[in-house]
Amino acid sequence: MRDLAVPSAPGGALTPDTLARTAATAFAPAVWGTTYVVTTELLPQGHPLFAGLMRALPAGLIALALTRTLPRGAWWWKAAALGVLNIGLFFPLLFVAAERLPGGVAATLGAAQPIIVAVLAVLVLRESPAARRLAWGVVGVVGVGLVVIGPAAAFDPAGIAAGLAGTAGMGLGLTLTKRWGRPGGVGPLTFAGWQLTAGGLFLLPVTLLAEGSPPPIDAAAAAGYLWLGLPGGLIAYVLWFRGVVALPVASVAVLTLLSPMVAALLGAVVLGQLLGPVQLLGFALALAAIVAGQLPARARPRPPVAAAAAGRHAP
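So for the sequence shown, the working numbering puts the first residue at 159; every next one is plus one.
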């Protein structure tokens, strides 16, 4: 049983419920945008996978302890697949991209998710192709690129492949989450707990093999991991997966543009990284793409013959 999407008002207007759900869903990519500054300023260096593990597995186990609900039947493999795509596989690929590429290039590759989701919506969800979605997706990528790519950007093929693979994997996870919905009687906390746990369990051996034993954790690191695990993990993913089920998949995908934008803003405010006219133009383009992505598609007018036939059959 799937959750029904929150409807928009007649005539293409957005309802208050839709706007509230969109704002709640946007919290997730916005708080994910704090990951860079938290990692660089609070966490031990050289352990990004451990940071991802700490964001996923403890939050998932807390959710399972609170809900005491495990998957049943086909949802064992569905929850595992979604957890690996949305969390477990995404983090290692993001780590490879971050190691081989400047942060701005990696962020721009991540901003391609709305384009990937627009294509997957046609292939997986059998939605009609929408040139509007692709066009605004391109605008969003250009906007993020102007914000975060510097003049010394390097383009390593392996890093680009990893970044695109991670973005595509998360885009597929997003699309499958929309296709499968949630099983009946399962709330957002339980649903997020299944995926966080699955993603965390996938990350556990990967982290041990790639990084070895955990780093020493001082008070600053503990605060950083707490931030990543609760607001950035449990709360963010509960709101994210709730929004994925309830809102149009293309509208949710474009919200991911908020992550690099928040990261750039925090870099300016916290780290003193100045934003010039080009970056401000990029912000305007990315914001325009986000807003346009939330507007309902216009209903296609019916052919006159069909409209006349409908009129004849009206009571």
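Even for Gly, the Cβ is constructed at its ideal location relative to N, Cα and C. None of these values were measured; they are calculated from a predicted model.
> Which stretch, first to last residue, makes up the alpha helix (DSSP H) that contains Arg290?
Replying inline: Taken as a continuous stretch (DSSP letters only), the alpha helix (DSSP H) holding Arg290 covers Ala289 to Val306.
>> DSSP three-state label for Ala279, please.
In response: If DSSP states are grouped into helix, strand and coil, Ala279 belongs with the helices.
> Among the residues of its own chain, which have a CB less than 7 Å from the CB of Leu330, if the five just before and after it don't count?
Replying inline: Residues Leu243 and Leu278 of the same chain have their beta carbon placed closer than 7 Å to that of Leu330, with the five preceding and five following residues left out of the count.
> Which stretch, first to last residue, makes up the alpha helix (DSSP H) that contains Thr183?
Replying inline: Run containing Thr183: Pro174 to Trp190, per the alpha helix (DSSP H) assignment.
>> Taking its Cβ as the centre, do 16 or more other Cβ atoms sit within 10 Å of Gln452, making it buried, or is it exposed?
In response: When all chains shown are included, Gln452 counts as buried.
> Mapping DSSP to helix, strand and coil, what is Glu285?
Replying inline: Glu285 falls in the coil class under three-state DSSP.
> What is the DSSP secondary structure of Leu453, reduced to helix, strand or coil?
Replying inline: Three-state result, Leu453: coil.
>> With a threshold of 8 Å, are at least 3 pairs of Cβ atoms found where one atom belongs to the segment 279-292 and the other to the segment 359-375?
In response: Not touching, per the Cβ criterion.
> Residues in its own chain within less than 8 Å of Thr197 by CB, not counting five upstream and five downstream?
Replying inline: Within the same chain, Pro206, Ala209 and Gly382 come within 8 Å of Thr197 by CB-CB distance, once the 5 residues on both sides are set aside.
> Taking C-alpha atoms, which residue in Ile220, Gln437, Leu359 and Leu438 lies nearest to Gly387?
Replying inline: Check the Cα spacing between Gly387 and each of Ile220, Gln437, Leu359 and Leu438: the tightest is with Ile220.
> Considering only the beta carbon of each residue, do Ala350 and Val410 sit closer than 7 Å?
Replying inline: Against a cut-off of 7 Å, the Cβ pair of Val410 and Ala350 comes out as no contact.
> Looking only at its own chain, which residues have a Cβ that is under 7 Å from the Cβ of Leu103, when we skip the five neighbours before and after it?
Replying inline: The chain is shown from 159 up to 473; residue 103 falls before or after that span and cannot be answered.
>> For Leu133 and Thr355, I'd like the C-alpha separation in whole angstroms.
In response: Nothing can be reported for residue 133: it is not among the residues displayed for the chain, which extend from 159 to 473.
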